[in-house]
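The structure appears below as structure tokens.
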Amino acid sequence: MLDLRQVASFADYFVIMSAESSRQIEALEEDITEGLKVAEVRRFHREGTHASGWVLLDFSDVIVHIFGPEEREFFGLERLWSRAPQVVRIL
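Mapping of the sequence shown onto our numbering: position 59 corresponds to residue 109, and the numbering continues sequentially without gaps.
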């Protein structure tokens with residue numbers, strides 16, 4: 051998770067996740083969306099597809115990116131947003 055508050059105005063945090071298959075991307079999306087819905091956090095926007103290897107979930111202040119391994123390397127969000135402090139990293 052990256053803290054964007056000092057480097058961007060459109061969101062406070064990026065959560066960047068990896069999944070090994072399109073089915074895992076789909077399952078993560080479903081679990082995150084349902085869990086936040088229960089907590090009454092609204093999803094404002096969604097982009098990408100499970101098959102493409104990338105899904106973006108926009109919860110306003112928090113944007114979740116779920117990548118397949120190759121797509122995560124290609125987009126390199128950690129490198130692109132290297133000025134943003136890393137809050138949490140789980141391997």
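Glycine included, C-beta positions come from ideal geometry on N, C-alpha and C.
Note that this is a predicted model, so its numbers are computed, not measured.
Confirm, please, whether the CB-CB distance from Leu52 to Ala61 is below 7 angstroms.
Here residue 61 refers to the residue found at position 11 when the sequence shown is read from its first residue. Here residue 52 refers to the residue found at position 2 when the sequence shown is read from its first residue. Cβ atoms of Ala61 and Leu52: not closer than 7 angstroms.
Report the three-state DSSP secondary structure of Phe94 (helix, strand or coil).
Within the sequence shown, residue 94 is the residue found at index 44, counting from 1. Reduced to three states, the DSSP call for Phe94 is coil.
Enumerate in chain order the residues of its own chain whose CB-to-CB distance from Trp131 is below 6 angstroms, with the five nearest sequence positions on each side excluded.
One-based indexing of the sequence shown puts residue 131 at position 81. Excluding positions up to five away in sequence, the list reads Leu52.
Option nearest Arg122 by Cα separation, candidates Trp104, Val114, Phe109, Leu141
The residue labelled residue 122 in the question sits at position 72 within the sequence shown. Residue Trp104 is the option with its Cα nearest to Arg122.
Gly98 vs Leu106 beta-carbon contact at 7 angstroms:
Here residue 98 refers to the residue found at position 48 when the sequence shown is read from its first residue. Here residue 106 refers to the residue found at position 56 when the sequence shown is read from its first residue. Against a cut-off of 7 angstroms, the Cβ pair of Leu106 and Gly98 comes out as a contact.
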